[in-house]
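In the numbering used here, the protein residues as written are 1258 to 1867.
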């Protein structure tokens, strides 16, 4: 008997194939739900599972289905998830085309970054240790002869803790304030009142109450309790008060006093992790990073914490401890491959070290974790350019500008690549977009003006530099470049004014004095030119251009000895200046002078006759 003979005559082969295909689509939608968890995916997945289940039962029970039923199964089980499959595929191809990097078929939804806890906020929020003392424990500490009064107080305690459980700290504080006035010598009630004052932001009141409670319980010897061991609340009351005292001191920016309180807590409770973390944050606040690192390491010994390890990595980065920082960050991403901030800081560290190969890996990972972050694609492009992958770099810069149309740095980076490749028009277009973006970069002004100068569009270069000077009035470089550009157009008076402004910004650049003096020579102010050249020589005594300039102005002034002396020194440094001196009109009156002829004499080439 063959296999075909075993199949019943009423068995629907086409439906069996459809159910088989639905099984694959069910797996796909399940993966999609895990990677892109949203309401629509869940609804479609649920519908598909129902259709798949119905189809399987139909096959198992060998039931003939009506055409309408088959259509419902096909639509809900195949076509509906098929739309998602096609959409994901098109999206993947578009991402690959734009970024020229691998992209997954199912792109993860961008997760809320740990950076959104914001590093500074994480520093400001201290770790808490013990909550409020429960009413049952407090009731055992109340010693009243009046049973009716004691019963009422116990009822109030139960009621107020319901308010605490509901987060109504303000009303709870009002009731506890009354209770603390009635039972002034009960340290447990005063602790809860201080705890509620802290929760309501009344740090001064909380400090006073902690002091009062500490005074009540005295300084009796404390039986040290190790971490993770059960300890009675009475025994823990003093370290609980000191811990709360330290929290309030931190919030009032009294960091050194807060450290003292947390250290006293550590004397009572050995290895208390929360105390070490808070001490570290206090030390960070007073910029003692070494001590902060020591306490973070102590806290990490008791429990692994990626956020805390990230804090340690940040401190290492700020202290330029690159190897330690690298180790901590690599440990984090090994423990949690989706810790966005660790990858971001790792990329920054690799850039700092010039390790562009690993930086590229880090930023590729970040494009998967934060696919809508333009900064990540920009950084990836920078890494690719350093690795010689200019086409991929341009694609990522373009994608970054699509995500952020006013991204000036991305446009500038594209322009610099186009400029190197000789694509001047594209470079100019990108630079103009860069200057109309979110930042008016000084380097964008300089590059645009340089391109105009190389294409003999000096007036446009001057216009760009003038705009740059208005935008960056404290930039020496744009002032200097503007002055040189004005000299190219023989606008010497304007050039001198610009050089004077540049001199107020920076007075230690020999090139400034050389160009400034050259402009002054053109205005025939020879004494000023000599002064400027000599100022330049003070900065660089062996500058052949300045010596040659002094020779020029001496020649124009008719000082023969000075001219010959400066030329001799210049030729000793740079013999190639001899041809320039012979061709210069400034030395035309000296061409027949014996000494000039002697020092400008060129060596005679000897030819070997074979």
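Using N, Cα and C, we set each Cβ at its ideal position, and we do this for glycine too.
| Asked | Found |
| --- | --- |
| Coarse secondary structure for residue 1690, derived from DSSP in three states | helix |
| Backbone CA spacing between residue 1299 and residue 1285 [nearest angstrom] | 12 Å |
| Three-pair Cβ contact test at 8 Å for the segment 1408-1418 versus the segment 1570-1577 | no |
| Distance, residue 1845 Cα to residue 1839 Cα | 8 Å |
| Three-state secondary structure (DSSP) of residue 1285 | helix |
| Cα-Cα separation, residue 1441 to residue 1475 | 15 Å |
| Member of 1743, 1307, 1735 whose CA lies at the smallest distance from the CA of residue 1762 | 1735 |
| Where the alpha helix (DSSP H) containing residue 1746 begins and where it ends | Per DSSP, residue 1746 belongs to no alpha helix (DSSP H) and is neither H nor E. |
| Helix, strand or coil at residue 1399 according to DSSP, with G and I counted as helix | coil |
| Bounding residues of the alpha helix (DSSP H) (the contiguous stretch that carries residue 1805) | 1801-1814 |
| Euclidean distance between Cα positions of residue 1394 and residue 1506 | 27 Å |
| For residue 1639, three-class secondary structure by DSSP | helix |
| Member of 1773, 1528, 1452 whose CA lies at the smallest distance from the CA of residue 1494 | 1452 |
| Three-state secondary structure (DSSP) of residue 1729 | coil |
| Cα-Cα separation between residue 1510 and residue 1398, rounded to whole angstroms | 34 Å |
| Beta-carbon proximity check, residue 1460 vs residue 1508, cutoff 7 Å | yes |
| Inter-stretch contact (C-beta, 8 Å, three-pair minimum) for the segment 1555-1569 and the segment 1586-1598 | yes |
| Rounded separation between residue 1610 and residue 1635 - CA only | 18 Å |
| Closest by C-alpha distance to residue 1491, when choosing among 1410, 1391, 1812 | 1391 |
| Three-state secondary structure (DSSP) of residue 1851 | helix |
| Proximity test, residue 1654 beta-carbon vs the ligand ADP heavy atom, cut-off 6 Å | As presented, the structure is devoid of all ligands, the ligand ADP included, so that no description of it is given. |
| DSSP three-state assignment for residue 1664, whether helix, strand or coil | coil |
| Presumed contact (8 Å Cβ cut-off) between residue 1775 and residue 1806, rounded CB distance | 7 Å |
| Collapsed DSSP secondary structure at residue 1608 in the structure displayed | helix |
| Cβ distance (whole Å) where residue 1856 is taken to contact residue 1825 below 8 Å | 6 Å |
| Whether residue 1519 touches residue 1532 by CB criterion (7 Å) | yes |
| 8 Å Cβ shell around residue 1745 - same chain, five flanking residues per side excluded | 1710, 1715 |
| Three-way DSSP call (helix, strand, coil) for residue 1697 in this model | coil |
| Within 7 Å, strictly: CB atoms of residue 1631 and residue 1606 | no |
| Beta-carbon proximity check, residue 1773 vs residue 1789, cutoff 7 Å | yes |
| Inter-residue spacing [alpha-carbon to alpha-carbon] between residue 1804 and residue 1831 | 10 Å |
| Selected residue, minimal CA-CA separation from residue 1444, among 1307, 1304, 1470, 1690 | 1470 |
| C-beta atoms of residue 1771 and residue 1740 nearer than 7 Å | no |
| Residue 1447 in three-state terms, based on DSSP | helix |
| For residue 1656 and residue 1691, believed in contact at Cβ under 8 Å, the rounded distance | The Cβ separation is near 16 Å, so there is no contact. |
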